[in-house]
Every structure is written in C-alpha cells, then in structure tokens.
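Under the numbering used here, the residue at position 78 of the sequence shown is numbered 78, and the numbers go up by one with no gaps. Don't be surprised by glycine CBs; every beta carbon is placed ideally from N, CA and C. Since the model is a prediction, treat every value here as computed from it, not as a measurement. Let me begin by presenting the structure, written as structure tokens, before commenting on it.
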Amino acid sequence: MTAPFDLTLEQLREHRSAKWSRVPADVLPAWTAEMDVRTAPAVADALQLAIGRSDFGYAGDPAPVTQAFAGFARDTWGWDPADGGGRMRLFSDVGHAVKEILGALTQPGDPVIINPPVYLSFYPWLAGLRLTPLEVPMLDVASGGRLDLDGMARALTSGARVVLLCSPHNPLGHVYPREDLASLAELALEHGAVVVADEIHAPLVHPGSPTGFVPWLSVSDAARQVGIAVHSPSKAWNTAGLKLAVGITAVEGRWPQIREEVDWAPSILGQYAAIAAYTDGRDWLDEVRRQLQERTTRLADLLAEHLPGVRYRPGHSSYLAWLDCRELGLGDDPAATFLERGRVQLSPGPAFGAGGSGFARLNYGTSEELMAEAVRRMARAL
Ligand SMILES: Cc1ncc(COP(=O)(O)O)c(C=O)c1O
1 MTAPFDLTLE QLREHRSAKW SRVPADVLPA WTAEMDVRTA PAVADALQLA
51 IGRSDFGYAG DPAPVTQAFA GFARDTWGWD PADGGGRMRL FSDVGHAVKE
101 ILGALTQPGD PVIINPPVYL SFYPWLAGLR LTPLEVPMLD VASGGRLDLD
151 GMARALTSGA RVVLLCSPHN PLGHVYPRED LASLAELALE HGAVVVADEI
201 HAPLVHPGSP TGFVPWLSVS DAARQVGIAV HSPSKAWNTA GLKLAVGITA
251 VEGRWPQIRE EVDWAPSILG QYAAIAAYTD GRDWLDEVRR QLQERTTRLA
301 DLLAEHLPGV RYRPGHSSYL AWLDCRELGL GDDPAATFLE RGRVQLSPGP
351 AFGAGGSGFA RLNYGTSEEL MAEAVRRMAR AL
C-alpha cells in the first residue's frame, strides 16, 4: 500500500480545491475538512473507467450505490440499512440531504436542536431555511465531550420537534456510546420528534475508539422509528467534489415529502466513486484511519512542545482537532492571530456556536510533516 499522505507541498499547492486554492500562497491551510491524501486506487480506477466510457451524464440507477453502501455498513458496523422496510435515497451531498429533509419536516421559525460546539455549516443551513438553532451544548468538552441528555429532554419538552445530530461529533471527534443514543431515541419517541443523524464522519472512526461507531438506525426500535441517517463517502475517501450522499430511513413511510428533482442532483462520478470506495476501498481506508489515530498522539506531543498553553484532548474519529487556546490570551478568535502572524489557516472557534470562543479547529488530515509545520507556524504567531 502506498502511503496515502505522500503528496508534496508543491503538488498540493496545485490543487484547485477549496482548502488549497482559497488561501494566499504563503498560507498553510489547516481549515476546511479535506484531507491531503492520494486518492484510493479503487476510486481512481473507477473514475478512469467513467472517463474511458465517456459516461458523464446525469446520475443513474441508485441501486448499485445503495447496495455497495449496505455491504460496507453490514461488514463494518453489523448494520444492514436495507433491513426493515426502509428506503435509501441519493442526494448531491450531506448538506443537500439535510436541507431537503429539514425543509420537508419544518416550517420557517421552527427550532432545531443542535449540540455546539458543532460543525459550523449547521448554522447557515438552518438560517437558509429560516429555522432557529436551539443549542444544547456538549458537556465535558475538556474530556472529549458528552451529550447533555437532561438538556435534550428540556429542549424537547419546550416544544422542539427536530434534532440535527452530528455523529460522530465534529469538531470534538466524540463517538457517542450506544446508551446515550438509546436514551436520546427514547426521548425523541416520547416527544414525537425526528432525529436527523449526520453520520458523514462514521467511516473515519479510529481503530482504537473505545466505543466504536454505532449507526443511529441500529441503536434500537425507538431510534429506527424516529430517525433519518445521512451518509457519504466524501469525508472518508476525500471525494467531496464528487457530490454524492445517501439518506436512509429504516421504517416504511418515515421519509418526509422530498422533492422529485432530488434524484437528478447527485453526480454520476460520485456514484462511480462511491461504489468503488464502499466495495474495494476498505484497505485504503483502514490505513488512513490507522495513520489519523497516530497523528493525534503526535499532535499532542507537538502542541506540548511548541504551544504548551493550548489544551487538546484527542478525539476518536476523523481528522479535526478542537484546540482550547484561551490561555494564550488571543481573544475570541485565536485563528485570526494564527493566520495574520503565523500564516496558517485554522477554522475559527466562534463559528462553531456556543463554547467556541477562544477555540480553533485544526485539520490534521495531512502528512506528519505538514501537521508539524502548522503547529510551528501557530507557535510563531505568539
Ligand atoms: C458533520 C459534517 N456534515 C456535513 C459536512 C459537509 O458534507 P457535504 O460536503 O457532503 O455537504 C461536513 C464537512 O466537513 C461535516 O463535517
């Protein structure tokens, strides 16, 4: 297996993707959630196949994609998303899926429960639908995070009927234990609420995660009754630009009224890539997950050496580190100082909602060398 993180800085600077092209040439990007990886051979071959066939039309039959996803889910998590009379639908990306689903479930002005500090795009997605974020902050963030079940109960009792759950949690990397998910499902059932589970980071749970990933629709009968899950190969296989996500319900009739034209939104290249990733891209993914887990230890060491004032508790999934920079005295948005004086771009903590002030999110989905350079640049900003 070639080392997936072997792209050089020179090669990466040529990328036209957001992470690399939307920063000035002297800035090292460690912000938006793209990895600096060489594409999985299976995915590259599938894209070559599409090119060879000149097969660039509209998205086709969803069945090969949903079957490939179901096979991956069965083998990886022991969950069969095709079980129980539910249905899978394709969307162009997770943002598209969540917005279509929320749009069908809500009226403008409705509250939607989220758990900050949380994936920053949840806020503009809700704002675009004129929905009101009802924040139930994560507890014990310094120890890795925990769902506030009492807070969720209060929010549901206050009348909120939709939960947008980020599982695993971005930016904390927290992997929810089954008991917490089961308790949330009971609460949602009791209050007639729907849980939309954004599970985009699920395939990137680290091999050493104590709990392992528990898919929402595998938690319990209650969870299946109240839930809609959204998956995509786009984070794990780094194919965000290929535009493909899968929405899943486990119960007949659970889907809200989703517009017909949604079926035309995914990209056919995303379909090629997804089938290959879920079927033949598993060894590559295992190597990436192993290296990401290794990076967390190295990152903790680097921070202790160069930035002892930063508090970091490694999460158990994905490649995003939530850094508590409050002791550095850089104000609400330390990422602004790191950018201005260190020429390294992190994501600004305040954009992640309540509890984000004084924090920044670092993307360590890169080579060890570039991760070390990011930390050195942060230290130089002080
Ligand atoms: C939790 C979460 N959901 C959704 C997305 C966006 O996914 P997509 O590009 O499929 O809309 C991201 C991207 O980082 C994410 O972290």
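* Roughly how many angstroms lie between the CA atoms of Pro124 and Leu131, to the nearest whole one? -> Pro124 and Leu131: Cα-Cα distance of roughly 10 Å.
* To do: Just mark Ala142 as buried or exposed, buried being the case when its beta carbon has 16 or more other beta carbons within 10 Å.
  => Classification for Ala142: exposed.
* Asked: How about Asn115 and Leu147: are their beta carbons less than 8 Å apart?
  -> yes
* To do: Can you give me the start and stop residues for the beta strand (DSSP E) that Gly208 sits inside?
  => Membership of Gly208 in any beta strand (DSSP E) is not indicated, and neither H nor E is assigned to it by DSSP.
* Hey, Phe338 and Met378: beta-carbon distance below 8 Å or not? -> Cβ atoms of Phe338 and Met378: closer than 8 Å.
* In whole angstroms, what separates the C-alpha of Ala346 from that of Leu330? -> It should be noted that the sequence gives Leu, not Ala, for residue 346. Approximately 14 Å between the Cα atoms of the pair.
* **Bounding residues of the beta strand (DSSP E) (the contiguous stretch that carries Ile114)** => 111-114
* Could you spell out the range, first to last residue, of the beta strand (DSSP E) harbouring Gly430? => The structure shown does not extend to residue 430, since the chain is modelled only from 1 through 382, so no value can be given for it.
* Can you name, in chain order, every residue of its own chain whose Cβ lies under 7 Å from the Cβ of Thr249, other than the five neighbours on each side? -> Gly86, Arg87, Ile228, Trp255
* To do: Can you give me the start and stop residues for the alpha helix (DSSP H) that Asp221 sits inside?
  => 221-226
* What distance in whole Å lies between the Cβ atoms of Gly358 and Gly324, which are believed to be in contact at a cut-off of 8 Å? -> The question names Gly, but residue 324 is Asp in the sequence shown. With 8 Å as the limit, Asp324 and Gly358 qualify as a contact, their Cβ atoms being about 7 Å apart.
* **Backbone CA spacing between Val344 and Leu120 [nearest angstrom]** => 19 Å
* Asked: Three-state secondary structure (DSSP) at Gly173?
  -> coil
* heavy atom of ligand 1 below 7 Å from Val246 C-beta -> no
* State the DSSP-derived secondary structure class of Met378, mapped to helix, strand or coil. => helix
* Asked: Does ligand 1 have even one heavy atom less than 7 Å from the beta-carbon of His206?
  -> no
* Residue closest to Pro41, alpha-carbon to alpha-carbon, out of Asp283, Gln293, Leu189 -> Asp283
* Asked: Just how far apart, CA to CA, sit Asp150 and His206?
  -> 28 Å
* Alpha-carbon to alpha-carbon, Glu305 and Val230 -> 39 Å
* Fully enclosed by the segment 208-291, which beta strand (DSSP E) runs are 3 residues long or longer? -> Taking only runs of at least 3 residues, the beta strand (DSSP E) segments lying wholly in the segment 208-291 are 227-231, 245-249.
* Would you say Gly95 touches ligand 1, meaning its beta carbon is less than 7 Å from a heavy atom? -> yes
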